[in-house]
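Here's the structure we're looking at; comments come further down.
In this note's numbering, the protein residues as written are 104 to 182.
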């Protein structure tokens with residue numbers, strides 16, 4: 104399965120020994136390092152990715168929180 108965000112695609116291997124959360128984190132970091140994700144570009148919402156890939160929203164949220172904690176992404180408050 105993949106999801107296209109601008110030039111970036113997400114792939115998740117359910118049978119992998121690597122957790123889905125870690126797959127997400129790694130793909131976002133690689134997207135940043137390869138310029139597939141530009142500064143200020145939005146990532147898909149937690150609900151959107153969870154629905155698209157039939158994943159639990161907490162898995163996506165945990166990945167996004169780890170990326171934010173490690174300073175790869177920043178969360179912007181919605182108004």
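By construction, the Cβ of each residue, glycine as well, lies at the ideal position given by its N, Cα and C atoms.
Beta-carbon proximity list for residue i, same chain, < 6 Å, skipping 5 on both sides
| i | result |
| --- | --- |
| residue 153 | 160 and 163 |
| residue 171 | 178 |
| residue 169 | 128 |
Residue i, enclosing alpha helix (DSSP H) - first and last residue
| i | result |
| --- | --- |
| residue 164 | 160 to 172 |
| residue 152 | 149 to 156 |
| residue 133 | 123 to 136 |
C-beta contact flag for residue i and residue j at 8 Å
| i | j | result |
| --- | --- | --- |
| residue 166 | residue 127 | yes |
| residue 175 | residue 135 | yes |
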